[in-house]
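What follows is a single structure, written as structure tokens, with notes after it.
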Amino acid sequence: MNRIPTDIKLHKASKTLTLTYASGEEFTLPAEFLRVHSPSAEVQGHGKPILQFGKLNVGLTKLEPAGHYALKLTFDDGHDSGLFTWDYLYELGKRQTELWDDYLAELRAAGKSRDPNESFVKLML
36 MNRIPTDIKL
46 HKASKTLTLT
56 YASGEEFTLP
66 AEFLRVHSPS
76 AEVQGHGKPI
86 LQFGKLNVGL
96 TKLEPAGHYA
106 LKLTFDDGHD
116 SGLFTWDYLY
126 ELGKRQTELW
136 DDYLAELRAA
146 GKSRDPNESF
156 VKLML
């Protein structure tokens with residue numbers, strides 16, 4: 036199966052990236068989702084992913100091809116070190132709901148927030 040999109044659209048106002056495939060599948064991926072699932076070492080760590088938080092308002096500023104196998108995404112928080120391969124982008128699209136739910140659960144468990152202006156304090160009573 037060809038996992039290279041036939042159409043790629045960056046929607047800066049809605050902060051989403053839409054990928055359309057020859058099969059008719061179409062995935063609209065929010066910039067926040069892409070940012071917290073970046074394949075970069077900053078996010079993936081060395082053996083254990085590093086939880087990203089406070090990325091609610093992040094947007095995409097630029098898309099650049101990386102050879103014939105990936106896209107380099109530049110986010111407005113300065114992050115630009117991850118290369119999103121075609122296979123990885125397709126996988127993110129197919130598993131978006133599952134991955135997002137897992138991410139939200141990890142945030143809750145860590146007492147972190149999507150909102151950069153919000154923090155949680157645990158009260159010990």
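Heads up, the sequence shown is in this note's numbering, so the first residue is 36 and it goes up one at a time. Heads up, the beta-carbon is just placed ideally off N, CA and C, and yes, glycines get one too.
Residue i, DSSP secondary structure in three states
i   : result
D42 : strand
E99 : strand
E60 : coil
Beta-carbon separation (whole angstroms), residue i vs residue j, contact threshold 8 Å
i    : j    : result
N37  : A57  : 6 Å
I39  : W121 : 5 Å
G128 : L64  : 6 Å
F88  : L142 : 6 Å
First through last residue of the alpha helix (DSSP H) which encompasses residue i
i    : result
A140 : 131-145
E67  : 66-71
A76  : 76-79
Residue i versus the options, residue with shortest Cα-Cα distance
i    : options                : result
T51  : L108, W121, G146, A145 : L108
L124 : A48, D115, L142, E61   : E61
L93  : Q131, T53, V71, F119   : The sequence shown places Val at residue 93, rather than the Leu named in the question. Checking every option, the nearest Cα to that of V93 belongs to V71.
heavy atom of the ligand PLP below 7 Å from residue i C-beta
i   : result
L45 : As for the ligand PLP, it is missing from this structure, which has no ligand bound.
Residue i, enclosing beta strand (DSSP E) - first and last residue
i    : result
F110 : 105-110
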